[in-house]
RNA sequence: GUGGGCGUAGCUCAGCUGGUAGAGCACUCGGUUGUGGUCCGAGAUGUCGCGGGUUCGAGCCCCGUCGUUCACCCCA
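In this note's numbering, the protein residues as written are -8 to 413.
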């Protein structure tokens, strides 16, 4: 009886050895600056009450209206696989009262997110993000620091070709003033039906249209940046000053539009040109009304999400991924049953002393086992047979040049420690 | 959700105007008794994505389907 083969669901990206080590390298490097800045881990569920996203992210966004994985659980509750990270963090902060202590609350997270889009280069239905949130403080210095943390993550990967774009969406007074004029302007344009509909939901979206004729039409549209209130404008200037002071280069993109409704004030995107159509490797911004919308107190916040999958693609494009393979300290080749019994024992012991040790299993030829030792990248190899067991000594072979030294088995650990460090 | 390209051994691919499959790499074993990376030799592996159709006959043609890839919408 032969069973049918199963496949992974459409649009998921899997990371298997040896590429998985590059993925892990990217993720850890993106996390490191957050840890170094006092952000602490938050491990959250990947599914939440659907209302969290429809209310938090915004009913009008594409993410909510057509890209969510929503289903009913056995208790009849509407559940959604998280399409982004911020809403879940806010929910947990409110629910667990983290905002009752000292502010800001500074947390980071890492994990998979889900959007039911048509997959393409750098876009998957399950994707990985590293993110941070700083909640409860209005200070342009925090905005600048959050951006700097993201930037440092990309620098850790050795990336050079990306650029940082920033803008300010201002406070609600700024936005409503701008909206009036923008709607007036849009009313003068001759738009197709689909675009008209998008404009009705969120007129800012038209700035993001890639079609050249639309860009032309929008060229003279009023820009939100010109409508910033005095406070917002001063805030934005401070953010820029701080960034410049840290040596972080950026460009101001007054036409930048983000896909989530909760953004306010400082907003930013990291863009890498070598990835194809999906060029955003990370982005974020302020979300000053979000917590209140989700039933918490009225606190501001700022955060970012960085795409691990896309950052990896960028690192591959720029050829900055280190080629290091896993290397163990010792590879043991036992010959025969009693040697295997002994090998398992000393391997365990060496591992308990923090050495990494691999064994040759199965009935392989010695030549094949040596080949496996070579492939594993182990620094040293020993053969364990009857004569070695009798004499209590082994020939410690250094794989890089084949040099062999006779070593007592009881002294393997110290020998390895000494020789590996050189 | 819309549109284009692709789908042949683990991987990268070849397969001429339709006659039931190959290469390189990788893998396993061997090249005289227990030592890797080079070299030489031998070997295993495919329901040609799946289903249907045309045909005496299809990996090659047609339809559908699934997957993949690229782009649009949108986004990490």
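We treat Cβ as the ideally placed atom computed from N, Cα and C, and that holds for glycine.
With DSSP collapsed to three states, give me the class of residue i.
i, result
"residue 136", "helix"
"residue 278", "coil"
"residue 231", "helix"
"residue 359", "helix"
"residue 125", "strand"
"residue 223", "helix"
"residue 398", "strand"
"residue 413", "In this prediction, residue 413 has a pLDDT of 48, which is less than 50 and means its spatial position is unreliable; what the coordinates show is noted afterwards. Three-state result, residue 413: coil."
"residue -8", "Note that residue -8 scores a pLDDT of 44, beneath 50, so its modelled location is shaky and nothing firm can be said."
"residue 0", "coil"
"residue 68", "coil"
"residue 101", "strand"
"residue 318", "coil"
"residue 54", "helix"
"residue 239", "coil"
"residue 143", "helix"
"residue 388", "strand"
"residue 325", "strand"
"residue 38", "strand"
"residue 109", "coil"
"residue 296", "strand"
"residue 10", "helix"
"residue 25", "helix"
"residue 374", "strand"
"residue 32", "strand"
"residue 288", "coil"
So residue i packs on residue j, CB below 8 Å; how close in whole Å?
i, j, result
"residue 153", "residue 261", "5 Å"
"residue 75", "residue 48", "6 Å"
"residue 266", "residue 13", "Going by Cβ atoms, the distance from residue 266 to residue 13 rounds to 16 Å, so no, they are not a contact pair."
"residue 165", "residue 219", "5 Å"
"residue 282", "residue 81", "5 Å"
"residue 239", "residue 130", "So it is not a contact: roughly 17 Å between Cβ atoms."
"residue 35", "residue 83", "6 Å"
"residue 390", "residue 360", "Actually they do not touch by this definition, with Cβ atoms about 13 Å apart."
"residue 312", "residue 16", "7 Å"
"residue 189", "residue 196", "5 Å"
Determine the closest residue to residue i out of the options, with distance taken between C-alpha atoms.
i, options, result
"residue 40", "24, 69, 64", "69"
"residue 339", "287, 180, 54, 404", "404"
"residue 180", "361, 80, 208", "208"
"residue 172", "211, 44, 162, 202", "211"
"residue 254", "28, 302, 52", "52"
"residue 272", "88, 145, 58", "145"
"residue 351", "367, 345, 285, 344", "367"
"residue 395", "378, 372, 409, 242", "372"
"residue 109", "63, 54, 225, 313", "54"
"residue 200", "250, 175, 151", "250"
"residue 292", "135, 187, 20", "135"
"residue 94", "178, 187, 290, -2", "290"
"residue 234", "140, 205, 0", "140"
"residue 147", "186, 45, 21, 29", "21"
"residue 288", "85, 43, 302", "85"
"residue 96", "28, 252, 284, 363", "28"
"residue 100", "357, 31, 308", "31"
For residue i, collect the residues of the same chain with a Cβ closer than 7 Å to its Cβ; drop the 5 residues on either side in sequence, then sort them by chain order.
i, result
"residue 259", "138, 155, 156, 157, 274, 275, 276"
"residue 247", "156, 158, 258, 260"
"residue 222", "162"
"residue 294", "77, 122, 123, 124, 125, 137, 275"
"residue 60", "71, 72, 105, 107"
"residue 375", "323, 324, 325, 326, 330, 333, 334, 385"
"residue 194", "170, 173, 174, 177"
For the ligand SAH, is there a heavy atom less than 7 Å away from the beta-carbon of residue i?
i, result
"residue 209", "Among the components of this structure there are no ligands whatsoever, and the ligand SAH is therefore not found."
Whose C-beta lies closer than 6 Å to the C-beta of residue i among residues of the same chain, with five residues either side of it excluded?
i, result
"residue 245", "158, 214, 216"
"residue 117", "3, 103, 105"
"residue 379", "385"
"residue 364", "322, 372"
Spatial neighbours of residue i within its chain, please: CB distance less than 8 Å, with the 5 preceding and 5 following residues excluded, ordered by chain position.
i, result
"residue 67", "none"
"residue 383", "399, 400, 401"
"residue 38", "70, 71, 72, 73"
(message) At 4 residues or longer, what runs of the alpha helix (DSSP H) sit wholly inside the region 155 to 215?
(response) 163 to 178, 184 to 192, 203 to 209
(request) Run through the region 242 to 275 for me and flag every whole beta strand (DSSP E) of 3 or more residues, listed as ranges in chain order. (result) 255 to 262
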